[in-house]
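So the sequence shown is numbered by my numbering: it starts at 4 and just counts up by one.
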Amino acid sequence: MAWEAELLVAIEAAGAAAAVLHNHADGPLRVFHKGDVNLVTEVDFQCEQAITEILRQHTPDIEVLGEETGGAENATTRWVVDPLDGTTNFIHNYPMYCVSIALEVEGQSVVGVILDPIRQRTYRAIRGQGAYCGDRPLHVSKCDDVSRALIGTGFPYDRREEAHFYLAYVEAVLCQAQGIRRAGAAAMDLVMVASGVLDGFWEFNLSTWDVAAGLLLVEEAGGECSSHGGGKVNMVHPSPLATNGLIHEAMISLLGSVRA
């Protein structure tokens, strides 16, 4: 099947990164600041190196875009890698982080793998072939009313400067939805939407590697992904809305009603 070989490579690469995470889970970490609240550790770099080595070994003609080392900015076919989504959680031993790998062709993800090392679950998707966790197909939820929906969100790195803006959206959703959850790892939030745990998710100012695999998982699980206004997600500076599809228009209207 199309992209099956690349999927297996991505799964192997994610597993190599998970092994690095396991080896460092309880040990001291060297932590560096990319910004006031944007942290990176030596483990992020080691995970990315482990992933990149496997990707280049098996697919030497495909360039790699990694969160920590960059690359492949103009490649039409490329791997998009977040070696550790949820670095702050990892530093604090908060059990919500993952490895995210996508294969992108002409700006569209065709393969997506997200590995949750805490729960030892690997989520995968090939465009047009559905989304799975192990042998279990993933399906979005059947919630059709925002008032009964559990919605995920996150706060970008400029939240200290723009807190009023982001909290205006939180207030709007909080007053309409059944609840809001903030996990601190966008890729895991998207997995939760694809799995039917969350009914929707929105966030501002993410990066390609945060969402390249997760958005594909949501779509292949029967969900819907767009910008907050309903257009196509800008994958250069993504601010996505991902839902089960049934509440998508209502969420677009709700987010559009905010006057921050």
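Where is the CB? At the ideal position from N, CA and C, for every residue including glycine.
Taking only the alpha-carbon atoms, compute the straight-line gap between residue i and residue j and give it to the nearest angstrom.
i	j	result
V196	E222	10 Å
G89	D148	30 Å
R122	V173	28 Å
T246	A5	27 Å
V84	Q181	33 Å
A166	I250	26 Å
C101	N208	19 Å
V12	V114	10 Å
N92	A190	13 Å
M238	Y169	20 Å
S229	P243	6 Å
A21	I57	13 Å
G199	A224	9 Å
V116	R262	36 Å
V214	S112	10 Å
A171	F158	12 Å
K145	G187	25 Å
E66	R59	8 Å
D202	R33	36 Å
Y160	E206	11 Å
So for residue i, helix, strand or coil by DSSP?
i	result
W212	helix
V20	Checking the displayed sequence, the identity of residue 20 turns out to be Ala instead of Val. Note: A20 maps to helix in three-state DSSP.
A171	helix
I94	helix
G157	coil
D192	helix
A128	strand
L201	coil
V34	strand
E227	strand
G137	coil
A8	helix
Let's see if you can read the secondary structure: which residues bound the beta strand (DSSP E) around residue i?
i	result
I104	C101 to V108
I182	The sequence shown places Gly at residue 182, not Ile. Segment G182 to R184, the beta strand (DSSP E) holding G182.
E66	E66 to G69
Q111	Q111 to D119
P86	T80 to D88
Just reading off the alpha helix (DSSP H) that residue i is part of, what are its end residues?
i	result
D147	Per DSSP, D147 belongs to no alpha helix (DSSP H) and is neither H nor E.
G259	H251 to G259
F48	E45 to H61
Can you have a look at residue i and say buried or exposed, based on whether 16 or more other CB atoms are within 10 angstroms of its CB?
i	result
E45	exposed
G234	exposed
A152	buried
G155	buried
E252	exposed
E192	In the sequence as presented, Glu is not what sits at residue 192; that position holds Asp. The residue is buried, with at least 16 neighbouring Cβ atoms inside 10 Å.
G226	buried
G110	exposed
A8	exposed
Tell me, to the nearest whole angstrom, how far the beta carbon of residue i is from that of residue j; I am working on the premise that it is less than 8 Å.
i	j	result
G18	L141	Between L141 and G18 the Cβ distance is about 19 Å, and since that is not below 8 Å, they are no contact.
A128	L219	5 Å
V143	G248	7 Å
H231	L258	5 Å
G69	P86	7 Å
W194	Y97	Note that residue 194 is Val in the sequence shown, not Trp. Not quite, the Cβ-Cβ distance comes to about 16 Å (not below 8 Å), so this is no contact.
K81	E51	This sequence places Arg at residue 81; Lys is not what is there. That belief does not hold up - the Cβ atoms of R81 and E51 are roughly 14 Å apart, past 8 Å.
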